[in-house]
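All remarks here apply to the structure that follows.
Protein chains: 2
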Amino acid sequence: MTKLTINSVKNSKIDHVNFNELPFGKVFTDHMFSCDYVNGEWVNPTISEYGPISLDPSARVFHYGQAVFEGMKAYKDENDDIFLFRPEDNFDRINKSAHRLAIPEFPKEFFFEGLEQLLLLEKEWIKTGKGNSLYIRPFVIATQPAISASPAEEYKFMIICSPAKSYYAGEVRVIFAEEYSRSANGGVGYAKAAGNYGAQFYPTSLAHKEGYQQIIWTDANTHEYLEEAGTMNIFFRVNDTLITAPTSDRILDGITRKSVLQLAKDNNIATEVRPVSVAEIKEAANNGSLKEIFGSGTAAVINPILGFKHGDFKFELPALTDNNYSSFFKKALNDIQYNLAEDKHQWRHKVTK
Amino acid sequence: MTKLTINSVKNSKIDHVNFNELPFGKVFTDHMFSCDYVNGEWVNPTISEYGPISLDPSARVFHYGQAVFEGMKAYKDENDDIFLFRPEDNFDRINKSAHRLAIPEFPKEFFFEGLEQLLLLEKEWIKTGKGNSLYIRPFVIATQPAISASPAEEYKFMIICSPAKSYYAGEVRVIFAEEYSRSANGGVGYAKAAGNYGAQFYPTSLAHKEGYQQIIWTDANTHEYLEEAGTMNIFFRVNDTLITAPTSDRILDGITRKSVLQLAKDNNIATEVRPVSVAEIKEAANNGSLKEIFGSGTAAVINPILGFKHGDFKFELPALTDNNYSSFFKKALNDIQYNLAEDKHQWRHKVTK
Numbered sequence: 006m007t008k009l010t011i012n013s014v015k016n017s018k019i020d021h022v023n024f025n026e027l028p029f030g031k032v033f034t035d036h037m038f039s040c041d042y043v044n045g046e047w048v049n050p051t052i053s054e055y056g057p058i059s060l061d062p063s064a065r066v067f068h069y070g071q072a073v074f075e076g077m078k079a080y081k082d083e084n085d086d087i088f089l090f091r092p093e094d095n096f097d098r099i100n101k102s103a104h105r106l107a108i109p110e111f112p113k114e115f116f117f118e119g120l121e122q123l124l125l126l127e128k129e130w131i132k133t134g135k136g137n138s139l140y141i142r143p144f145v146i147a148t149q150p151a152i153s154a155s156p157a158e159e160y161k162f163m164i165i166c167s168p169a170k171s172y173y174a175g176e177v178r179v180i181f182a183e184e185y186s187r188s189a190n191g192g193v194g195y196a197k198a199a200g201n202y203g204a205q206f207y208p209t210s211l212a213h214k215e216g217y218q219q220i221i222w223t224d225a226n227t228h229e230y231l232e233e234a235g236t237m238n239i240f241f242r243v244n245d246t247l248i249t250a251p252t253s254d255r256i257l258d259g260i261t262r263k264s265v266l267q268l269a270k271d272n273n274i275a276t277e278v279r280p281v282s283v284a285e286i287k288e289a290a291n292n293g294s295l296k297e298i299f300g301s302g303t304a305a306v307i308n309p310i311l312g313f314k315h316g317d318f319k320f321e322l323p324a325l326t327d328n329n330y331s332s333f334f335k336k337a338l339n340d341i342q343y344n345l346a347e348d349k350h351q352w353r354h355k356v357t358k
Numbered sequence: 006m007t008k009l010t011i012n013s014v015k016n017s018k019i020d021h022v023n024f025n026e027l028p029f030g031k032v033f034t035d036h037m038f039s040c041d042y043v044n045g046e047w048v049n050p051t052i053s054e055y056g057p058i059s060l061d062p063s064a065r066v067f068h069y070g071q072a073v074f075e076g077m078k079a080y081k082d083e084n085d086d087i088f089l090f091r092p093e094d095n096f097d098r099i100n101k102s103a104h105r106l107a108i109p110e111f112p113k114e115f116f117f118e119g120l121e122q123l124l125l126l127e128k129e130w131i132k133t134g135k136g137n138s139l140y141i142r143p144f145v146i147a148t149q150p151a152i153s154a155s156p157a158e159e160y161k162f163m164i165i166c167s168p169a170k171s172y173y174a175g176e177v178r179v180i181f182a183e184e185y186s187r188s189a190n191g192g193v194g195y196a197k198a199a200g201n202y203g204a205q206f207y208p209t210s211l212a213h214k215e216g217y218q219q220i221i222w223t224d225a226n227t228h229e230y231l232e233e234a235g236t237m238n239i240f241f242r243v244n245d246t247l248i249t250a251p252t253s254d255r256i257l258d259g260i261t262r263k264s265v266l267q268l269a270k271d272n273n274i275a276t277e278v279r280p281v282s283v284a285e286i287k288e289a290a291n292n293g294s295l296k297e298i299f300g301s302g303t304a305a306v307i308n309p310i311l312g313f314k315h316g317d318f319k320f321e322l323p324a325l326t327d328n329n330y331s332s333f334f335k336k337a338l339n340d341i342q343y344n345l346a347e348d349k350h351q352w353r354h355k356v357t358k
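Sequence lines, in order, name chains A and B.
Here the working numbering is used: position 64 in the first sequence is 69, and no number is missing along the way.
Here the working numbering is used: position 318 in the second sequence is 323, and no number is missing along the way.
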């Protein structure tokens, strides 16, 4: 393994940042990590000043979307210690995504050394206090300058960081998809492939025009089963049972999703992981047993959904009661993330070097 | 409309290029066209020296695959006149693709003025003689430096050019897809969206390992119907009838495909545009009525397929006879493209300024 080169900046730009007003993903820290794949190996792991990268216009990422990413967060406790949440799962998943996109896997040592050294350099950017975090974006792009439609032989792996408040501002209502789809059987829906996201923008913009913020995607064959929301997995609370779709090659294996399922088990909340039909959710809405819908994801953590629309059917979820699940899971997850609660499952990863 | 700025190079690199050995899409001409979308309009149309572009690592194309492209070719006749083939269709399609990817449409005047001025500057790169052409790659990428998962507000439109021989070297055999898929109903399969291509690389690499060069994708629901090959539409000749799948939201509306259908009509060749089942093609293979399979696309023009595999079923197409369709359509298309035949349908577009 090549040694990590660190070129740290002399003057941080942190004093120019208003941490009280942080739009998601627009402000980046002082440094970035990068590493190149050339001649069959990952080389030049480097932390340097955050700034533009130069690519040939024929770089394959521009033409064929050969690119994958991850989303992670770093949290700080009251002692200024920095924690990651289940980072090995992000590492495993970016390589699973990479594999499906014919991108060479990234070595674990590079990933963790690059990531942790970067976080230690940026520690002032991680503010204490619940809701504050540093959003971390590892990603890999095909850089080879050649437009033949085949896997590239050159790539760049990078990690960039953006200080964050919570991801969703305002109220979230959703449309259950009836026409557009996110992914096919045998496709790349389970991967954090760049192309999965851009493909959702247009249908989501149509939802916006109707006053809905997100779409819950349904299976492309029948549009009868609810799958995921593109940036979130989705949970339904019917009476006291928590229901979510099983992962598949169409649905992202969300780290927050599986943490919620584990916490439910730990707290004797009944769960059902099975196909969830639009029909049963509409019936549960009609008969009063549908208590909550919420999304789970790294950026959003837990995001309650206030209402949904399917065709002409519109429904407003009831007001959340004191024992609502979305607040319970959000608090339980945050308490672990911010080192405020016992970490039974070793999900917390302290950053120390 | 802002005026086109042209900064031409002083010294062409053309003398360093071996036109007898041109790998597809690796050699680029002296200039490129670019244009930026900022503050709600396309500005700065510029032709400048071909070279790297600089982007923020948070540019949305890297993360969300918000990118579309086109493939076109310029041809030269013996009088050194330059011709495009149905370029209005490429212009219409890049905007159709852009629309689906929530990318602002590109103005027609910019497209044609940028393209034609670029071609006139690069006229020495377009060699006479059949098989020689200049492959043209218009593309649009989301450049806005912000990783929120929503449509970008800033884009770059570019045109780059690469001198080309024919796209496919060697023999092409295909696998009919049984597990992996290219696109979903309600997805982006009909668009030339970057992510559609990277998603095919891994399954195609598995085909390569078995000695097959391409995959003919089947419908994601049942894998019973043959759709397209990712970089080519597909035609089957059964007895003397030419059969191809109808376009849909899963299948690219290929310009070569529709030109083949028109030429078939002009030449009294029976065509059927309808779903084509794997079962019927295997039956036709078994009973001797399957005469040819070929792909059509801008890069390949017409590419005969020598054999296919579906599960354990392997079939070698019979040797092409003198009246084979693939050679007929290739010659008919090339004759129009190279200004060697009458252009009944006004497909040829002479580049003159």
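Just so it is clear, CB atoms sit at the ideal spot from N, CA and C, and this is done for glycine as well.
Checklist line | As assigned by DSSP and simplified to three states, the class of Y160 (chain A) | finding: It is a strand residue.
Notebook entry, point to check: Alpha carbon to alpha carbon, how far is E127 (chain A) from E233 (chain B)?
Noted result: Each residue's alpha carbon lies about 48 Å from the other.
Next item on the list: Would you verify that the beta carbon of R105 (chain A) is, or is not, closer than 8 Å to some beta carbon of chain B?
Entry: At least one chain B Cβ lies under 8 Å of R105 (chain A).
Next item on the list: Pick out whichever of A:L247, A:E118 and A:P251 has its Cα sitting closest to the Cα of A289 (chain A).
Entry: A289 (chain A) has its Cα closest to that of A:L247, out of A:L247, A:E118 and A:P251.
Margin query: For the stretch 142-156 of chain B against the stretch 69-83 of chain B, do three or more pairs of beta-carbon atoms, one drawn from each stretch, fall closer than 8 Å, so that the two count as touching?
Written below: Taking 8 Å as the limit for Cβ pairs, the verdict is that the stretch 69-83 of chain B does touch the stretch 142-156 of chain B.
Note to self: Below 8 Å on C-beta distance, what does E229 (chain B) contact in chain A?
What the structure shows: Going along chain A, no residue has its Cβ under 8 Å from E229 (chain B), so there is no contact; the nearest lies around 13 Å.
Check: Is the number of C-beta pairs between the stretch 258-273 of chain B and the stretch 330-347 of chain B that are closer than 8 Å three or more?
Finding: Verdict: yes, contact present.
Note to self: Judging by CA-CA distance, which residue of A:H21, A:K170, A:K314 and A:V48 is the nearest neighbour of Y140 (chain A)?
What the structure shows: Comparing C-alpha distances from Y140 (chain A) to each of A:H21, A:K170, A:K314 and A:V48 shows the shortest one belongs to A:K170.
Item checked: Touch test, the stretch 294-304 of chain A against the stretch 234-242 of chain A, Cβ-Cβ under 8 Å, three pairs minimum -> A contact exists between the stretch 294-304 of chain A and the stretch 234-242 of chain A.
Notebook entry, point to check: Considering only residues of the same chain and omitting the five flanking positions on each side of N329 (chain A), which have a CB-CB separation below 7 Å?
Noted result: Setting aside the 5 residues that flank it on each side, N329 (chain A) is surrounded in the same chain by E297, each with a C-beta closer than 7 Å to its C-beta; the list follows chain order.
Notebook entry, point to check: Taking Cβ-Cβ distances below 7 Å as the criterion, which residues of the stretch 129-161 of chain B are in contact with chain A?
Noted result: Residues passing the 7 Å Cβ filter: R142, F144, I146, A151, I152, S153, A154, S155 and P156.
Check: Can you tell me whether K197 (chain A) is buried or exposed, with buried defined as 16 or more other CB within 10 angstroms of its CB?
Finding: So K197 (chain A) ends up on the buried side.
Note to self: If you follow the alpha helix (DSSP H) that D97 (chain A) is in, where does it begin and where does it stop?
What the structure shows: P92 to R105 is the extent of the alpha helix (DSSP H) around D97 (chain A).
Next item on the list: Please report how far the alpha carbon of Y69 (chain B) lies from the alpha carbon of D20 (chain B), in whole angstroms.
Entry: If I take the Cα positions, the gap works out to 39 Å.
Checklist line | For F333 (chain A) and T326 (chain A), the rounded distance between their alpha carbons | finding: For T326 (chain A) and F333 (chain A), the distance between alpha carbons rounds to 11 Å.
Checklist line | Assumed close pair F90 (chain B), R353 (chain B) - CB separation to whole angstroms, cut-off 8 Å | finding: Their Cβ separation, rounded to whole angstroms, is 7 Å, which keeps F90 (chain B) and R353 (chain B) in contact under 8 Å.
Margin query: Give me the chain B residues within the contact set of Q71 (chain A), using Cβ-Cβ distance strictly less than 7 Å, ordered along the chain.
Written below: The answer, in chain order, is G203 and F206.
Note to self: If I follow the unbroken alpha helix (DSSP H) through R65 (chain A), where does it start and stop?
What the structure shows: Element bounds for R65 (chain A): R65 to Y69.
Margin query: Applying the 10 Å Cβ sphere with the 16-neighbour rule, what's the burial state of F318 (chain A)?
Written below: Exposed is the call here.
Checklist line | Extent of the continuous beta strand (DSSP E) run through V193 (chain B) | finding: Careful: V193 (chain B) lies outside any beta strand (DSSP E) and carries neither H nor E.
Notebook entry, point to check: Taking Cβ-Cβ distances below 7 Å as the criterion, which residues of the stretch 44-77 of chain B are in contact with chain A?
Noted result: So the list reads P57, I58, S59, L60, D61, P62, S63, V66, F67, H68, Y69, G70, Q71, A72 and F74, given in the order they occur along the chain.
Next item on the list: Please state whether DSSP places P309 (chain B) in a helix, a strand or coil.
Entry: Collapsing the DSSP output to three states places P309 (chain B) in a strand.
Check: Leaving out five residues before and five after E54 (chain B) in sequence, what residues of the same chain have Cβ atoms less than 6 Å from its Cβ?
Finding: These residues qualify, in order along the chain: V14.
Item checked: Among A:N95, A:F67, A:K314 and A:A64, nearest to A79 (chain A) - alpha-carbon criterion -> Nearest of A:N95, A:F67, A:K314 and A:A64 to A79 (chain A), Cα basis: A:N95.
Next item on the list: Tell whether a beta-carbon distance below 8 Å holds between T148 (chain B) and V48 (chain B).
Entry: No, the Cβ-Cβ distance between T148 (chain B) and V48 (chain B) is not below 8 Å.
Check: Looking at the C-beta of G200 (chain B), does it have a partner C-beta in chain A at a distance below 8 Å?
Finding: Chain A, which has a Cβ nearer than 8 Å to the Cβ of G200 (chain B), makes this yes.
Notebook entry, point to check: Given a limit of 7 Å on CB to CB distance, which residues of the stretch 218-243 of chain A reach chain B?
Noted result: Listed by position, the residues of the stretch 218-243 of chain A near chain B (Cβ gap below 7 Å) are A225, N226 and T236.
Next item on the list: Could you check the C-alpha separation between P92 (chain A) and L123 (chain A) for me, to the nearest Å?
Entry: Pairing P92 (chain A) with L123 (chain A), the inter-Cα distance amounts to about 14 Å.
Checklist line | Three-state class that DSSP yields for D82 (chain B) in the structure shown | finding: Three-state DSSP puts D82 (chain B) in coil, outside helix and strand.
Notebook entry, point to check: In chain A, which residues lie with their C-beta within 9 Å of the C-beta of I256 (chain B)?
Noted result: Close partners of I256 (chain B) in chain A (Cβ separation under 9 Å) are lacking, with about 13 Å as the shortest Cβ gap.
Checklist line | Three-state class that DSSP yields for R187 (chain A) in the structure shown | finding: Note: R187 (chain A) maps to coil in three-state DSSP.
Next item on the list: Check the Cβ of E404 (chain B) against every Cβ in chain A and list those closer than 8 Å, keeping chain order.
Entry: Because residue 404 (chain B) is not part of the residues shown, which for chain B are 6 to 358, the question remains open.
Notebook entry, point to check: Out of B:L257, B:V283 and B:D348, which has the shortest C-alpha to C-alpha gap to D271 (chain B)?
Noted result: Looking only at B:L257, B:V283 and B:D348, the smallest Cα-Cα distance to D271 (chain B) is reached by B:D348.
Checklist line | For T276 (chain B) and I286 (chain B), the rounded distance between their alpha carbons | finding: If you take the alpha carbons of I286 (chain B) and T276 (chain B), they lie about 15 Å apart.
Check: Name the DSSP bridge partner or partners of E233 (chain A)?
Finding: E233 (chain A) is bridged by DSSP to A:N238.
Checklist line | Burial state of P28 (chain B) (16 or more Cβ within 10 Å) | finding: If you draw a 10 Å sphere on the C-beta of P28 (chain B), you find fewer than 16 other C-beta atoms in it, and that means exposed.
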